[in-house]
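Under the UniProt record's numbering, the first residue of the sequence shown carries the number 1, and numbering increases by one thereafter.
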Amino acid sequence: MNQFSQLNRTRQTTRDFNETEIPAEILAAIFEDARWAPSWSNTRPYQIALASGDQAQQLRAAYLREFDAFSAAQATNTEPDIDGDYDIFAPYPDDLRPRQVQVGLELYRHLNIEREDKLARGMHMRRNFEAFGAPVIGLVFIHRDFLPYSALDAGLMLQTLFLSAKAHGVDSCPLGLLAGWRRPADELFDIPNQYALVTGFALGYGTDAPVNQFRAAHPPLEFIAQRHTPVRRA
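This is the structure we're talking about:
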């Protein structure tokens with residue numbers, strides 16, 4: 001196996017970080033690599049809000065406040081106050097839903113959390129809003145008027161960032177749940193109106209907690225079959 005394949009396969013979603021800060025020069029090198037990701041017509045239609053130190057703690061506290069309010073609303077069967085730019089709780093398409101269910105079942109089985117144990121499931125979900133204790137929290141914003149290309153480019157940038165982080169000995173975790181709430185970001189950052197929050201991410205150094213031993217399945221890529229008889233257009 002070549003070096004890139006080894007790097008690619010050892011990068012994983014880390015769900016428990018220690019408090020060790022990432023040295024400034026290493027963090028700078030990671031984002032220097034990320035800027036070399038390909039982009040549609042070199043537009044780079046995304047922006048990043050980055051929080052570390054005290055600012056990361058403020059962002060974490062703001063997201064925990066949102067989660068606790070969300071949980072209280074669920075407990076009383078009232079409408080939760082969710083202000084995200086995208087509906088992260090929208091139903092999965094029928095053909096993709098089984099994959100989402102499978103990874104959820106496997107993760108909770110790995111953590112010995114039963115389906116009926118709502119308290120334990122809720123506590124694990126809450127950890128997302130803590131960024132799993134990571135010292136660096138990032139939020140990714142994409143240009144609203146350049147979809148789907150802004151989302152595509154943000155994904156290319158994030159994968160480059162995550163692989164660079166691994167190459168520098170830093171662990172990472174995408175935090176899609178953070179996109180459900182815009183308020184915490186607006187409290188700490190001056191975000192242009194034309195940019196929408198699409199995901200968060202965490203950077204830091206993983207612990208030896210059992211959750212970090214979980215590995216999701218990576219089935220083969222799917223290729224669309226070629227038509228036996230090409231369609232002829234007039």
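C-beta atoms are modelled at their ideal positions from N, C-alpha and C, and glycine is treated no differently. Note that the coordinates shown come from a computational prediction; the quantities given were computed from them, not determined experimentally.
| Asked | Found |
| --- | --- |
| Exposed or buried, which one is V101 when buried takes at least 16 other CB atoms within 10 Å? | exposed |
| Quick one: grab the DSSP three-state call for D83. | coil |
| May I have the straight-line CA-CA distance separating Q74 from A225, to the nearest angstrom? | 44 Å |
| According to the neighbour-count rule (16 or more other Cβ atoms, all chains shown, within 10 Å of its Cβ), is residue 313 buried or exposed? | As shown, the chain starts at 1 and ends at 234. That puts residue 313 outside it, with no answer to give. |
| Among N2, S5, F4 and E21, whose alpha-carbon lies nearest the alpha-carbon of V170? | E21 |
| Near L50, what residues of its chain come up, given a Cβ to Cβ distance below 6 Å and the 5 sequence neighbours on each side ignored? | G138 |
| Could you check if W36 is buried or exposed, using at least 16 other CB atoms within 10 Å of its CB as the buried criterion? | exposed |
| Using the beta-carbon count (16 or more within 10 Å), is N128 buried or exposed? | buried |
| Do you know how far the Cα of A217 is from the Cα of L64? | 30 Å |
| Report the rounded CA-to-CA distance for Q57 versus E66, giving the unit in angstroms. | 14 Å |
| Between the alpha carbons of L59 and A185, how many angstroms are there, rounded? | 7 Å |
| In terms of residue numbering, what span does the alpha helix (DSSP H) encompassing F129 cover? | K118 to F129 |
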